[in-house]
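Quick note on the working numbering: the sequence shown kicks off at 44 and runs consecutively.
What follows is a set of notes on a single structure, which appears directly below.
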Amino acid sequence: MPDAPPPAVPADPADLGGGDGYFGAGGAARSDRPGAGDDAAPAEHEALVEAERSGLRLAALARLCAIAGLLMLALSGPADPRTGQLAAAVLGGFALAGLAHLAVIGGRRDRPWTKYAAVAADYAALASLFAFVPVSLGGDTAQILAMRTYGALPLVLPLVLAALSLSPRLVLFAGACAAAAWWAAFLYITSGMERTLNWSDLPPAADAQAYYAVYLNPDFVAGGSRVLETLQLLTVAGVLALVVDRARRVLRERLAADAERAFLARTFGEYVPAEAARLILADREALAPRRRRATVLATDIAGFTAIAEARAPEDVIACLNAFFTDAAEAVAEEGGVIVDFSGDGFLAAFNAPIEVEDPEARALRAALALLGRAERRRYGGLRLNIRAGLATGELAAGSVGGAGRRTYTIYGDPVNLAARLQERGKTEGRALVADRDTAEGAAAAGGPTLALLEANAAIRGRAAPADLFALP
44 MPDAPPPAVP ADPADLGGGD GYFGAGGAAR SDRPGAGDDA APAEHEALVE
94 AERSGLRLAA LARLCAIAGL LMLALSGPAD PRTGQLAAAV LGGFALAGLA
144 HLAVIGGRRD RPWTKYAAVA ADYAALASLF AFVPVSLGGD TAQILAMRTY
194 GALPLVLPLV LAALSLSPRL VLFAGACAAA AWWAAFLYIT SGMERTLNWS
244 DLPPAADAQA YYAVYLNPDF VAGGSRVLET LQLLTVAGVL ALVVDRARRV
294 LRERLAADAE RAFLARTFGE YVPAEAARLI LADREALAPR RRRATVLATD
344 IAGFTAIAEA RAPEDVIACL NAFFTDAAEA VAEEGGVIVD FSGDGFLAAF
394 NAPIEVEDPE ARALRAALAL LGRAERRRYG GLRLNIRAGL ATGELAAGSV
444 GGAGRRTYTI YGDPVNLAAR LQERGKTEGR ALVADRDTAE GAAAAGGPTL
494 ALLEANAAIR GRAAPADLFA LP
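If you want it as structure tokens, here you go:
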């Protein structure tokens, strides 16, 4: 079984009680547990979408916090108050845009392109800041100083916040927008300059004076530095995209594992042998309707109606849970699957849905193991007398249902016959009764030996008689 299994699904109190509770018309074991065959992909996709939305909300909140910090810095930092006020006004607009995006995320107006539009708007605003807001309003300051003073660092923040969305595409898009915004601002600024200086304008072996003459010149645009900053932005975007993609894959694998555990829980409850679980997860077609020769084990607790009548409901449930736990272990050890719990009994199949060799011997050993445990143990403080019926033959097995509710079910004569043989044990005073196919199949496989109890015995509700076998 996968690690960290889901919580146990307790028996429904409404199903507790004795009697002939397994089957309806057609001899089918039934359960109303939710469908095991439902496609988990839509739920997995929705979980990923919700994780992305949560990340976008977190990014929007972090953005607001960052803007609040920058706003305080803008109002207190610049020597020219007008520069601080202008920066504060621009940052306030950023904050309002972020609040608008936060309000849209996950709402009716949210669209797949909304997050891309928000990132593009952020970078368009940052490009405008570099292109139009000077370092100081106190004089004719060259606009290129805005890029040289602040560098590309402000462009990194939206890129990092985009990673919170768990969307590699959004991260790569943010990286492309960062590079585009940086160069749009740079090209706009330099297009309005009469002349530009670059690192190539430094003379060979320039001394300090020559270096300062170029580097401190208002016309120094440092195109090579802008190229390097762009490569840095794209590198950060690529690395973040890889990290986000890895995180998304891990999340998807976890969601798939959770869906598989839920699939098994809906189909069989917690009572599934580990090998059966692995095979079902590897081949979902194992649950497709098909014809099988299998051995069916039906059990019941003798006198359970009186037991339930004399005790509190919670004590009855505790007793049944303890017994069913033992039953699940005994069946699983022989490769069988408990198909249904009903009242104080259960129905198990050997060779359906999981193929096993010698199902007759396996089913007989499982029944004897359970009877042995019942003799040695107490369940909820009670000693229980177990009756078991075994029948082998052709049956139809598969996942059936509709309207979003499915269950694994077995149909056919062996299903009804096993239940009737379990009942016959009461009149015969036998804890275990089996049909001829089960007895002979078990003996041929080297399993426990059963003795003929009665030949051509009439079976209630069944036209054909059956040879009954029991323990010697």
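C-beta atoms are modelled at their ideal positions from N, C-alpha and C, and glycine is treated no differently.
Burial state of residue 254 (16 or more Cβ within 10 Å): The residue given as residue 254 occupies position 211 in the sequence shown. Exposed, because fewer than 16 other Cβ atoms sit within 10 Å of the Cβ of residue 254.
Name the residue from 247, 128, 159 and 263 whose alpha carbon lies nearest to the alpha carbon of residue 184. One-based indexing of the sequence shown puts residue 184 at position 141. Selection 247, 128, 159 and 263 evaluated against residue 184 yields 263 as nearest (Cα-Cα).
Quick check on residue 260: does DSSP put it in helix, strand or coil? Your numbering for residue 260 matches position 217 in the sequence shown. Note: residue 260 maps to coil in three-state DSSP.
Just the Cα atoms here: how many angstroms apart are residue 526 and residue 368? It is not possible to answer for residue 526, since the shown part of the chain is limited to 44 through 515.
Does the Cβ of residue 224 lie closer than 6 Å to at least one heavy atom of the ligand ZN? The ligand content of the structure shown is nil, which means the ligand ZN is not present either.
Inter-stretch contact (C-beta, 8 Å, three-pair minimum) for the region 424–432 and the region 374–384: Using a Cβ-Cβ distance cut-off of 8 Å, the region 424–432 and the region 374–384 are not in contact, since fewer than three pairs of beta carbons, one from each stretch, lie closer than that value.
Cα-Cα separation, residue 280 to residue 115: Taking the first residue of the sequence shown as 1, we reach residue 280 at position 237. Taking the first residue of the sequence shown as 1, we reach residue 115 at position 72. If you take the alpha carbons of residue 280 and residue 115, they lie about 28 Å apart.
Residue 517: first and last residue of the uninterrupted alpha helix (DSSP H) it sits in: The displayed coordinates of the chain run from 44 to 515. Any statement about residue 517 would go beyond what the structure contains.
State the start and end residues of the unbroken alpha helix (DSSP H) segment that holds residue 368. The residue given as residue 368 occupies position 325 in the sequence shown. Run containing residue 368: 356–376, per the alpha helix (DSSP H) assignment.
DSSP has residue 208 in a bridge; who is on the other side? Counting from 1 along the sequence shown, the entry for residue 208 is found at position 165. Per DSSP, none; premise fails for residue 208.
Can you give the Cα-Cα distance for residue 343 and residue 99, rounded to whole angstroms? Taking the first residue of the sequence shown as position 1, residue 343 is located at position 300. Taking the first residue of the sequence shown as position 1, residue 99 is located at position 56. So the alpha carbons of these two residues sit roughly 55 Å apart.
Output the boundary residues of the beta strand (DSSP E) element that contains residue 394. Position 351 of the sequence shown, counted from the first residue, corresponds to residue 394. Looking at the DSSP string, residue 394 is not in any beta strand (DSSP E), and its letter there is neither H nor E.
Can you give me the Cβ contacts of residue 198 inside the same chain, cut-off strictly under 8 Å, excluding the 5 residues immediately before and after it? Taking the sequence shown and counting its residues from 1, one reaches residue 198 at position 155. Here the set comprises 166, 169, 221, 224, 225 and 276.
Look at the Cβ atom of residue 439, then the Cβ atom of residue 423, and state whether they are nearer than 7 Å. Numbered from its first residue, the sequence shown carries residue 439 at position 396. Numbered from its first residue, the sequence shown carries residue 423 at position 380. Contact: no.
Residue 453 - DSSP class collapsed to helix/strand/coil: Taking the first residue of the sequence shown as 1, we reach residue 453 at position 410. In the three-state scheme derived from DSSP, where H, G and I count as helix and E and B as strand, residue 453 is classed as strand.
Taking the Cβ atom as the reference point for each residue, do residue 511 and residue 458 lie within a distance shorter than 7 Å? Against the sequence shown, residue 511 aligns to sequence position 468. Against the sequence shown, residue 458 aligns to sequence position 415. For residue 511 and residue 458, no; Cβs fall outside 7 Å.
Given this structure, state the Cα-to-Cα distance separating residue 157 from residue 366, to the nearest angstrom. Position 114 of the sequence shown, counting from 1, holds the residue named residue 157. Position 323 of the sequence shown, counting from 1, holds the residue named residue 366. Whole-angstrom Cα-Cα distance: 56 Å.
Sequence-distant residues of its chain with Cβ nearer than 6 Å to residue 236 (five each side left out): Working through the sequence shown from its first residue, we reach residue 236 at position 193. For residue 236, where only same-chain residues beyond five positions count, there are no Cβ hits under 6 Å.
Classify residue 92 as buried or exposed, calling it buried when 16 or more other Cβ atoms lie within 10 Å of its own Cβ. The residue you call residue 92 lines up with position 49 of the sequence shown. Residue burial is scored here from C-beta neighbours: residue 92 has fewer than 16 other C-beta atoms within 10 angstroms and is therefore classed as exposed.
Are there 16 or more other CB atoms within 10 angstroms of the CB of residue 484, so buried, or fewer, so exposed? Within the sequence shown, residue 484 is the residue found at index 441, counting from 1. Around the C-beta of residue 484, 16 or more other C-beta atoms lie within 10 Å, and the residue is accordingly described as buried.
What are the start and end residues of the beta strand (DSSP E) that includes residue 148? Along the sequence shown, read from residue 1 onward, the residue named residue 148 stands at position 105. Where residue 148 is concerned, there is no enclosing beta strand (DSSP E), given that its DSSP letter is neither H nor E.
Between residue 105 and the rest of its own chain, which residues show a CB-CB distance below 8 Å, the 5 nearest in sequence each way excluded? As a first step, residue 105 is located in the sequence shown; it is residue number 62 there, counting from the start. Excluding sequence neighbours, residue 105 sits near 204 and 207.
What does residue 389 pair with, by DSSP beta-bridge criteria? Taking the first residue of the sequence shown as position 1, residue 389 is located at position 346. DSSP, once it has assigned bridges, lists 384 as partnering residue 389.
Cutoff 7 Å; reference residue 239; Cβ partners in own chain excluding five residues on either side: Sequence index remark: in the sequence shown, residue 239 carries index 196 (1-based). Once the five neighbours on either side are set aside, the close Cβ partners of residue 239 are 233, 262 and 264.
Who are the near neighbours of residue 164 in its chain, counting only those whose CB is closer than 8 Å to its CB and skipping five residues on each side? Locating residue 164 in the sequence shown gives position 121, where the first residue counts as 1. Scanning its chain for C-beta atoms nearer than 8 Å, with the 5 sequence neighbours on each side dropped, one finds around residue 164 the residues 140, in chain order.
Nearest candidate by alpha-carbon position, reference residue 214, set 190, 278 and 252: Looking up residue 214 in the sequence shown gives position 171. Among 190, 278 and 252, the Cα nearest to that of residue 214 is on 278.
How is the beta strand (DSSP E) around residue 508 delimited, first residue to last? Reading the sequence shown from its first residue, position 465 is the one you call residue 508. For residue 508, the enclosing beta strand (DSSP E) covers residues 505–513.
Between the Cα of residue 500 and the Cα atoms of 474, 152, 515 and 468, which residue gives the shortest distance? Along the sequence shown, read from residue 1 onward, the residue named residue 500 stands at position 457. Selected option, being the one with the closest Cα: 468.
Between residue 474 and residue 433, how many whole angstroms is the CB-CB distance? I'm expecting something under 8 Å. The sequence position of residue 474 within the sequence shown is 431, counting from 1. The sequence position of residue 433 within the sequence shown is 390, counting from 1. The C-beta separation of residue 474 from residue 433 comes to about 12 Å, leaving the pair out of contact by the 8 Å criterion.
Residues that DSSP places opposite residue 281 in a beta bridge: Here the question's residue 281 lines up with position 238 in the sequence shown. Partner(s): none; residue 281 has no beta bridge.
Measure the Cβ-Cβ separation of residue 242 and residue 218 and say whether it is below 7 Å. Residue numbering aside, residue 242 sits at position 199 when the sequence shown is read from its first letter. Residue numbering aside, residue 218 sits at position 175 when the sequence shown is read from its first letter. It is not a contact, given that the beta carbons lie outside the stated cut-off.
Going by C-alpha to C-alpha distance, which of 229, 372, 347 and 404 sits closest to residue 386? Residue mapping note: residue 386 aligns to position 343 of the sequence shown, counting from 1. For residue 386, the nearest C-alpha among the options comes from 347.
I'd like the list of long-range same chain contacts for residue 94, defined as Cβ closer than 7 Å, with 5 residues on each side in sequence excluded. Start at 1 with the first residue of the sequence shown, and residue 94 comes out as number 51. Cβ neighbours of residue 94 beyond the five flanking positions: 209 and 294.
Report the three-state DSSP secondary structure of residue 428 (helix, strand or coil). Residue mapping note: residue 428 aligns to position 385 of the sequence shown, counting from 1. Of the three classes helix, strand and coil, the one that applies to residue 428 here is coil, per DSSP.
Taking the alpha-carbon of residue 394 as reference, which of 421, 453 and 355 has the nearest alpha-carbon? Against the sequence shown, residue 394 aligns to sequence position 351. Nearest option by C-alpha distance: 453.
Cutoff 7 Å: residue 335 Cβ touching any chain D Cβ: Protein chains in the displayed structure number just one, and chain D is not present.
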